[in-house]
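Residue numbers (our numbering): 1165 to 1242. C-beta: ideal position from N, C-alpha, C; glycine also. Since this is a predicted model, take the numbers as computed values, not measurements.
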Amino acid sequence: MCGIWAEPRKRIFPLDLFSRILQDSSMKSLRHVALTGGEPFLLPNLEDYYAAARAHAPQAYINISTNGSLTERTMRFL
């Protein structure tokens, strides 16, 4: 069983840092970006993370792992 919620909640990875990392020259050949951790669709600005990944790594496959519980928001996003 996954124990991700067994520990106290941690802070969310800052969007500006995520963007800066993707802009680094070492990321130019990035092939895969995974947006995961709990339920990504609970993040109010998930679309901003997706947009940053698409803008800075247009060649990359972007994976968003979901448990499928937020179907309306997921469908709007897609």
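Check                                                                                      : Outcome
Between the CA atoms of R1237 and A1224 - distance to the nearest angstrom                 : 23 Å
Whole-angstrom C-beta distance between L1179 and N1209, which should lie under 8 Å         : 7 Å
Given A1219 as reference, the closest of T1235, V1197 and F1205 once Cα atoms are compared : V1197
Secondary structure of A1216, DSSP reduced to three states                                 : helix
Collapsed DSSP secondary structure at I1226 in the structure displayed                     : strand
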